[in-house]
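K.L.:
Supplied in structure tokens, the structure appears directly below.
Residue numbers (the numbering used here): 110 to 467.
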């Protein structure tokens, strides 16, 4: 059988790479005759920021070109007001593992560990920090743990405990949109547990790029100063603004669909011998698939599945504390809907056979 041409390989996770010309044509149709922006002001900014503030039930919101600048601006404002430059965060936080400790190297903040490496943080973990903390950062869902989410009672307990302690609470909500179906509560009710919230327009929403910070007006006012200092003011942002608005209109209503698809896929894959999924069922639109094996063999099997079945299962294996396990992430967005569950199960079954072969 001839190998599948690279151009015909379909992804299991995330979205298929966008076609630039097609994407820009769609944005042009969506834009109509709207006016352009200039230096982070204009009708598109007003519309997007107003929509985000309303969705999250916050006093104000600010569009920013990336999640990094959104979160660091929030944390500088919160810790400055608190008079303490120490933040508390999970040891597997995105800020810790993916951003080269920018909070420390660039922004002058230090961090205390909130909880254990392989579990969600709790209010008891906040009690265990015996030093002053200016702000607590909670990532929801905790992606490196399989997109785990705390139960509502645990989340509210942590929020109440932080407030009783006088500690600001910031939500790393890059995937907040994808988390909402788990709680089955309005976004504003979830966001109300936090002083400030960061959300992303790429990831689950599938926009080009960009983020928003929502919170009290004083935080937004100070964030604008940090935005200027960090060089995060662009002359024109209208393609990204239009993409974000379009994503909120068209993609946000699909979050429950993504969650249900993830639960269905996890149930199908858990039927395969030697496979386990976590969490089971998924809390959001993503989960981890684990099986006995070695990482290098998993990479080789991944490539062979792409050649034989025309399905790209994952980019890289995920870390596993147990070195005898191979683990990869499945994230349901647009791409998974181009595959039926029978062919996904067949591809993962074949993957297991290749990884476990003597």
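Even glycine gets a Cβ: it sits at the ideal position worked out from N, Cα and C.
Taking only heavy atoms of the ligand GTP into account, decide whether any of them is closer than 8 Å to the Cβ of residue 290.
P.N.:
For the structure depicted, the ligand GTP is absent and the ligand set is empty, with no information on it obtainable.
K.L.:
What did DSSP end up calling residue 414 once you bin it into helix, strand or coil?
P.N.:
helix
K.L.:
Exposed or buried, residue 215, counting other C-beta atoms within 10 Å across all chains shown (16 or more means buried)?
P.N.:
exposed
K.L.:
Alpha carbon to alpha carbon, how far is residue 153 from residue 289?
P.N.:
Approximately 26 Å, taken between the alpha carbons.
K.L.:
Could you pull out every residue in the same chain whose Cβ sits closer than 7 Å to the Cβ of residue 146, ignoring the five residues on either side in sequence?
P.N.:
153, 154, 345, 346, 347, 350
K.L.:
Enumerated in chain order, which unbroken segments of the beta strand (DSSP E) with a length of 3 residues or greater are wholly contained in the region 180–214?
P.N.:
195–198
K.L.:
Out of 409, 449, 400, which has the shortest C-alpha to C-alpha gap to residue 436?
P.N.:
400
K.L.:
Is the Cβ-Cβ distance between residue 461 and residue 391 less than 9 Å?
P.N.:
no
K.L.:
DSSP puts residue 305 in a beta bridge; with which residues?
P.N.:
279
K.L.:
Count Cβ pairs between the region 275–287 and the region 239–253 that sit closer than 8 Å; are there 3 or more?
P.N.:
Yes, since at least three Cβ pairs between the region 275–287 and the region 239–253 fall closer than 8 Å, the two stretches touch.
K.L.:
Hey, which unbroken runs of the alpha helix (DSSP H) at 4 residues or more fall wholly within the region 360–399?
P.N.:
Runs of the alpha helix (DSSP H) inside the region 360–399: 364–378.
K.L.:
Decide if residue 393 is buried, meaning its Cβ has at least 16 other Cβ atoms within 10 Å, or exposed.
P.N.:
buried
K.L.:
Check each candidate in 318, 133, 293 and name the one with the smallest Cα separation from residue 283.
P.N.:
318
K.L.:
Runs of 3 residues minimum, wholly inside the region 279–353: which ones carry the beta strand (DSSP E) assignment?
P.N.:
305–309, 320–324
K.L.:
Helix, strand or coil: which one does DSSP assign to residue 432?
P.N.:
coil
K.L.:
Terminal residues of the continuous alpha helix (DSSP H) containing residue 237?
P.N.:
No alpha helix (DSSP H) holds residue 237; DSSP gives it neither H nor E.
K.L.:
Going by DSSP in three states, residue 144 sits in which element: helix, strand or coil?
P.N.:
coil
K.L.:
Taking the straight line between their C-alpha atoms, what separation do you get for residue 372 and residue 378?
P.N.:
10 Å
K.L.:
So if DSSP puts residue 420 in a beta bridge, which residue, or which two residues, is it bridged to?
P.N.:
119
K.L.:
In whole angstroms, give me the CA-to-CA distance for residue 144 and residue 156.
P.N.:
12 Å
K.L.:
Would you call residue 141 buried or exposed, if buried means 16 or more other Cβ atoms sit within 10 Å of its Cβ?
P.N.:
With fewer than 16 other Cβ atoms within 10 Å, it is exposed.
K.L.:
Taking just the CA atoms, how far does residue 359 sit from residue 227?
P.N.:
35 Å
K.L.:
Here's the rule: buried if 16 or more other CB atoms are within 10 angstroms of the residue's CB, otherwise exposed. What is residue 260?
P.N.:
exposed
K.L.:
Pair every Cβ in the region 191–206 with every Cβ in the region 335–343, then say whether three or more of these pairs are closer than 8 Å.
P.N.:
no
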